[in-house]
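Notes for the one structure printed next.
2 protein chains.
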Amino acid sequence: MQLKTGLFFLITFFSLCTFAAETDPLPSWREGPIKASIIEFVTTVTKQGSRDYVVPADRIATIDNDGTLWVEQPIYTQVIFMMGQSKNKDFQNLDKKMLEKIFIASSTNMSVDTYESSAKQWLATAINPRYKKHYTELVYQPMLEVIRYLEENQFAVYIVSGGGQEFVRAFSDTVYHIPVEHVIGSTGKTRYQYRDGHPELIKTDQPLFISDHAGKPEAINLFIGKKPIIAFGNSDGDKDMLEWTQSSPHKTLMLLVHHDDSVREYAYDTQSKVGTFSTELFSAAKQNHWQIISMKDDWKVIFPFELRADQSK
Amino acid sequence: MQLKTGLFFLITFFSLCTFAAETDPLPSWREGPIKASIIEFVTTVTKQGSRDYVVPADRIATIDNDGTLWVEQPIYTQVIFMMGQSKNKDFQNLDKKMLEKIFIASSTNMSVDTYESSAKQWLATAINPRYKKHYTELVYQPMLEVIRYLEENQFAVYIVSGGGQEFVRAFSDTVYHIPVEHVIGSTGKTRYQYRDGHPELIKTDQPLFISDHAGKPEAINLFIGKKPIIAFGNSDGDKDMLEWTQSSPHKTLMLLVHHDDSVREYAYDTQSKVGTFSTELFSAAKQNHWQIISMKDDWKVIFPFELRADQSK
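This is the structure in structure tokens:
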């Protein structure tokens, strides 16, 4: 009787293992070369004894945020936050210098804690006019699955955003399950002050670094000190990060999200001011064998709320 | 029979648990209030259901390097490295500005990879004239035990050094078992370049930040974005980090290593140019209930090689 119970548990245990192994880690991705390449990559680098095995300490993944993990059109969400409630602004005429000025003006002399609270409060209440959803609901379900899949395989997953580090930190943990210490982004200098036994960090108007373009590998080296082995981006600002990743001595995988779904999201590339995917980037991707993810063809669903809508039918 | 076997395993299991619980996690520390406070702190914040319980994600420890984890007298090891083989230099006349100049001159236009290699090579060969040991052997055994003890209790342990980030990264993993991504230190800007398909990060002569004094909480916020709950330092440069730690809403513990052992190491405090422990710091420690570790009284052994010497007797 006891032997039978033991056997029963043993069989149940192995059945569960088999079930887990056969569960699709990326259910929102359509079957195809891109999905296959991600699974093949993760399987190979985590397989002990494999020629391409990578120890857990070196399994570094870096993922861009705007346009790679969530919607960036018609303008970066952080810009909408910075501009507060003035929704009639002409976003299309904003250039990078102007964005930096707004960025600095909106936070200078504010404590880091106050900034975090106001970003969290805004994210909890602001509604995107097209989708009628909170901005944190406009994240890409297939990428959430990638993050979870990588973390389950002992990858350290970092966000490397051209956007503000503290803005992304305000939602990274709850929305992406990426802890704040794994969020790298553009940031300004802070000033430490200690008054009446109460220490504070105050945001200044001095930039520290912009983690976009060449600033991405520079920031990766500063924060991580190791090269990524897998990286996801979607625009010209991610090119240097992908080159840096590819120069790792380990097996690597570089991917770019291409926004080609005007129905479910947006379609833009070479001509867009926001999230430009230039012809140079298309050439570099081809030359370096970087994978181009078609949102239209490779992603069954775009947003998590589509799954919930499915279930409620 | 099977019941008896089960019982045997159960008893063995619990005996092992008890044995593990009773093993001293800090064998190189003498029994006393400091050792007791570290063990009491770790036990309390990791005990589920305790009023002071802290979830693993918030168990952040920050530890200074020079004078807290390894010897900093008569001059910082990195300065000896930077000056190469010119051992007759008058270290005592070097001020901070001069050190910064040497720091910059010794690495500008060097790639990050080349710098790392040369630091590793130097550390593997250079010998400390007083102890006749490699510099990486002049680390404090009691602090190695603290790092291990914290990591075993799911703390994320970071080094926050006023010294160069890349110099400390060259030995942090092998000597302290602290991964390079947990090393925060003073650093300069790098410049990304991509030539003939070969990307490189080049060190420039532009400083990025100095993580000493107020720069320590600033750097902690930049890299971690969470307040530490336990912090170790040894000099005036660590005061702001300890204040910042103490302002955490969680239970906290702040400690300072006091160099009062002229026989086994060095004795210095208010009058020392290197690792100054000023009367102001003594006052702040008293006022804020920071623990002062006496190297002479609290540490049974200072260096790992003393243990090996003991065993070989």
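Protein chains in written order, with my numbering: chain W, 1 to 313; chain F, 1001 to 1313.
Positions of the beta carbon are idealized from the N, C-alpha and C atoms, including for glycine.
Computed from a prediction, not measured in an experiment: that's the story for all the values here.
Is V65/W near I210/W, with beta carbons less than 9 Å apart? For clarity, residue 65/W is Asn in the given sequence; the question names Val instead. 9 Å or more divides the Cβ of N65/W from the Cβ of I210/W.
Simplified DSSP assignment, three categories, for G1154/F: A small fix is needed here, since residue 1154/F is Gln in this sequence, not Gly. Under the three-state reduction of DSSP, Q1154/F is assigned to coil, being neither helix nor strand.
Between W1299/F and M1254/F, how many whole angstroms is the CB-CB distance? I'm expecting something under 8 Å. Actually they are not in contact, since the Cβ atoms of W1299/F and M1254/F sit about 18 Å apart, beyond 8 Å.
May I ask you to list, following chain order, the residues of the segment 1216 to 1230 of chain F that have a beta carbon less than 7 Å from some beta carbon of chain W? Of all residues in the segment 1216 to 1230 of chain F, P1217, E1218, N1221, L1222, F1223, I1224, G1225 and K1226 have a Cβ within less than 7 Å of some Cβ in chain W.
In whole angstroms, what separates the C-alpha of W29/W from that of F81/W? One C-alpha to the other measures close to 31 Å.
Enumerate in chain order the residues of its own chain whose CB-to-CB distance from T245/W is below 6 Å, with the five nearest sequence positions on each side excluded. Setting aside the 5 residues that flank it on each side, T245/W is surrounded in the same chain by P228, A231, T252 and M254, each with a C-beta closer than 6 Å to its C-beta; the list follows chain order.
Any chance the segment 216 to 227 of chain W sits against the segment 188 to 199 of chain W, with 3 or more Cβ pairs inside 8 Å? Taking 8 Å as the limit for Cβ pairs, the verdict is that the segment 188 to 199 of chain W does not touch the segment 216 to 227 of chain W.
Could you tell me whether the segment 144 to 154 of chain W touches the segment 174 to 194 of chain W, where touching means 3 or more Cβ pairs closer than 8 Å? These segments touch.
Could you give the residue range of the alpha helix (DSSP H) that holds K203/W? Premise fails: K203/W lies in the beta strand (DSSP E), H198 to F209, not in any alpha helix (DSSP H).
So, does the CB of K1189/F fall closer than 9 Å to a CB anywhere in chain W? With its beta carbon less than 9 Å from one in chain W, K1189/F belongs to the interface.
Residues of the segment 144 to 171 of chain W with Cβ closer than 7 Å to any Cβ of chain A, in chain order: Among the chains of the structure shown, chain A does not appear; the protein chains present are W and F.
Inter-stretch contact at 8 Å, needing at least 3 Cβ pairs: the segment 115 to 130 of chain W / the segment 41 to 52 of chain W: Touching, no.
Which residue's Cα is closest to the Cα of Q1141/F: K1132/F, L1069/F and V1079/F? Comparing Cα positions, the closest option is L1069/F.
Can you pull the chain W neighbours of V1112/F, defined as C-beta to C-beta under 8 Å? Listed by position along chain W, the residues whose Cβ is nearer than 8 Å to that of V1112/F are N221.
Identify every residue that forms a DSSP beta bridge with T1245/F. For T1245/F, which the question treats as bridged, DSSP gives no partner whatsoever.
Could you tell me the distance, in whole angstroms, from the CA atom of L256/W to the CA atom of G1185/F? The alpha-carbon atoms of L256/W and G1185/F are separated by roughly 33 Å.
Could you work out which residues of chain F lie near V301/W, taking near to mean beta carbons separated by less than 7 Å? Within chain F, no C-beta atom comes less than 7 Å from the C-beta of V301/W; the nearest is roughly 29 Å away.
With DSSP collapsed to three states, give me the class of N65/W. Correct three-state label for N65/W: coil.
Beta-carbon within less than 8 Å of K35/W's beta-carbon, same chain only, minus the 5 sequence neighbours each way: which residues are those? Excluding residues within five positions, the ones whose Cβ falls inside 8 Å are L26, W29 and D298.
Under the DSSP definition of a beta bridge, which residues are partnered with M1254/F? Partner(s): A1231/F.
Inter-residue Cα distance where the pair is S37/W and Q271/W: A straight line joining the alpha-carbon of S37/W with that of Q271/W spans about 29 Å.
Q1078/F by DSSP, collapsed to three states: which one? Q1078/F: helix per DSSP, three-state reduction.
Could you run through the segment 1197 to 1216 of chain F and flag, in chain order, every residue whose CB is less than 9 Å away from some CB of chain W? Listed in sequence order: G1197, H1198, P1199, E1200, L1201, L1208, F1209, H1213, A1214, G1215 and K1216.
Selection from I1302/F, I1293/F, A1309/F and R1308/F that minimises the alpha carbon distance to G1032/F: Ranking I1302/F, I1293/F, A1309/F and R1308/F by Cα distance to G1032/F puts I1293/F first.
Ends of the alpha helix (DSSP H) at S117/W? V112 to T125 is the extent of the alpha helix (DSSP H) around S117/W.
Along the chain, where does the alpha helix (DSSP H) that runs through G1215/F open and close? It spans G1215 to F1223 - the alpha helix (DSSP H) in which G1215/F sits, taken as one unbroken run.
Distance between beta carbons of Y1192/F and D212/W, contact taken as under 8 Å: With 8 Å as the limit, D212/W and Y1192/F do not qualify as a contact, their Cβ atoms being about 11 Å apart.
Under 9 Å, do A61/W and V139/W count as touching if we go by C-beta distance? In this structure, V139/W does not lie closer than 9 Å to A61/W by Cβ.
Taking just the CA atoms, how far does S1235/F sit from H1259/F? One C-alpha to the other measures close to 10 Å.
I1034/F, enclosing alpha helix (DSSP H) - first and last residue: Per DSSP, I1034/F belongs to the alpha helix (DSSP H) from P1033 to V1045.
Is the CB-CB distance between T1187/F and Q1165/F below 9 Å? One thing to note: T1187/F has its Cβ within 9 Å of the Cβ of Q1165/F.
Short check: CB of L242/W to CB of A214/W, under 9 Å? In this structure, A214/W does not lie closer than 9 Å to L242/W by Cβ.
Taking just the CA atoms, how far does V71/W sit from T77/W? Going by the C-alpha atoms only, they are around 8 Å apart.
Using the rule of at least 16 other Cβ atoms within 10 Å of the residue's Cβ for burial, across every protein chain shown, is R1169/F buried or exposed? Per the 10 Å Cβ criterion, buried.
List the residues of chain W whose Cβ lies closer than 8 Å to the Cβ of D1297/F, in chain order. Neighbours of D1297/F on chain W: none; closest Cβ ~30 Å, over 8 Å.
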